[in-house]
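Below you'll find the structure, written out as structure tokens, and then a few comments.
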Ligand code: COA
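Set out below in structure tokens:
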């Protein structure tokens, strides 16, 4: 097994980025945050990458949170920088312009759940446990967790999870809309990989436009969101992929999207 902090592997147009600190349940120290930021910058810049899967190595955890060993020694000024670095990573993922799927086996806690919430889709194994337990450390989530959880599940559930700090199981997380789907553990890799492959085969410009419309739309008023959507819709008509997609439908054949 490699001792690299991240394991990065391309399967066709799908890039898998795996955190590789299984002995620490993939806890996010500063080095891991910086490595992830560089890895997502590289994925954004590489046109051959059309979808990303983010996961943790080992069976026990996706990510069990920010590294508490590092947190305990931070001054307030260092804590501000740490929080900002984490938030910068989450924004990088959210605004990647390519779909990112979090594969959640085991624990997704604290910064781990914040990382998963910055991804566009979350698929959980049936044994996954999700939570924001920072209150138990005398803290609150600092990588955007209060804000993204509120937007994903609404105020009542967000307050329950952050004030109580107790993790929930995958089934409850699915009911709340915190994960998209729960699958049997031995089917998890296969399901995520099939989903990622389907997304990687889609028209990249349209994928990017959908991601931006929905993410921007969550932050602005309806009229602004509708204006953004119309502009994005119109720009699709300048792509070869839109011509190919509509023609392929009319010719009753599968489309071949080129990314142009
Ligand atoms: N930061 C740093 N190290 C962590 C960690 C974290 N967030 N979560 C787990 N680890 C380390 C443990 O210290 C332990 O290391 P060690 O073997 O060198 O002592 C190793 O990972 C395994 O964890 P352990 O606690 O022994 O596993 P467990 O199965 O008994 O418990 C958890 C699993 C997830 C319940 C428990 O590790 C835990 O509560 N982690 C912290 C969760 C948290 O508060 N996250 C939010 C941080 S802001």
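Numbering (our numbering), first residue to last: 54 to 313.
Every residue gets a Cβ at the ideal spot worked out from N, C-alpha and C, and that includes glycine.
Contacting residues, own chain, Cβ-Cβ under 6 Å from residue 96 (five flanking each side not counted): 68, 102 and 105
Check whether residue 142 and residue 203 have beta carbons under 8 Å apart: no
From 181, 298, 199 and 246, residue whose alpha carbon lies closest to that of residue 314: A query on residue 314 cannot be resolved here, the shown segment of the chain reaching from 54 to 313 and no further.
Segment contact flag, the segment 218 to 235 with the segment 165 to 185, C-beta cutoff 8 Å, min 3 pairs: yes
Anticipated Cβ contact below 8 Å, residue 109 with residue 84, distance rounded: Not really, about 15 Å apart at Cβ, beyond 8 Å.
For residue 172, the nearest candidate out of 65, 61 and 249 (CA to CA): 249
Proximity test, residue 253 beta-carbon vs the ligand COA heavy atom, cut-off 7 Å: no
Outcome for residue 294 when other beta-carbon atoms lying within 10 angstroms are tallied against a minimum of 16: With 16 or more other CB atoms across the displayed protein chains lying within 10 angstroms of its CB, residue 294 is buried.
Any 3 or more C-beta pairs closer than 8 Å across the segment 180 to 195 and the segment 148 to 155: no
Residue from 146, 137, 240 and 157 with nearest C-alpha to residue 78: Measuring from the Cα of residue 78, the nearest candidate turns out to be 157.
Cβ-Cβ distance between residue 257 and residue 312 below 8 Å: If you check the CB distance, residue 257 and residue 312 come in under 8 Å.
Rounded separation between residue 133 and residue 196 - CA only: 10 Å
Contacting residues, own chain, Cβ-Cβ under 7 Å from residue 237 (five flanking each side not counted): Cβ within range, chain order: 179.
N-terminal and C-terminal residue of the beta strand (DSSP E) that residue 105 is part of: 104 to 109
Residue 56 (DSSP reduced to helix, strand or coil): coil
Residues with C-beta closer than 7 Å to any heavy atom of the ligand COA, in chain order: Here the list is 76, 77, 78, 80, 113, 114, 117, 118, 119, 120, 121, 122, 124, 160, 162, 163, 164, 186, 187, 189, 190 and 192.
Distance between residue 99 and residue 215 (C-alpha atoms, nearest Å): 37 Å
Best match in 59, 267, 74 and 64 for proximity to residue 91 [C-alpha to C-alpha]: With respect to the C-alpha of residue 91, the residue from 59, 267, 74 and 64 having the closest C-alpha is 59.
Segments of 3+ residues assigned as beta strand (DSSP E) that fall wholly inside the segment 183 to 241: 234 to 236
Residues near residue 218 by beta carbon distance below 6 Å, same chain, minus five either side: 186, 188 and 189
Check whether residue 253 and residue 289 have beta carbons under 8 Å apart: no
Assigned exposure category for residue 201 - 16 Cβ within 10 Å defines buried: buried
Distance CB(residue 82)-CB(residue 120) smaller than 8 Å: yes
DSSP three-state assignment for residue 331, whether helix, strand or coil: In this structure the chain extends from 54 to 313, so residue 331 is not present and cannot be described.
Pair within 8 Å by beta-carbon distance, residue 135 and residue 169: no
Nonlocal neighbours in the same chain, by C-beta distance under 6 Å from residue 111, ignoring five residues either side: Taking C-beta separations shorter than 6 Å and ignoring five residues to either side along the sequence, the partners of residue 111 in its chain run 75, following chain order.
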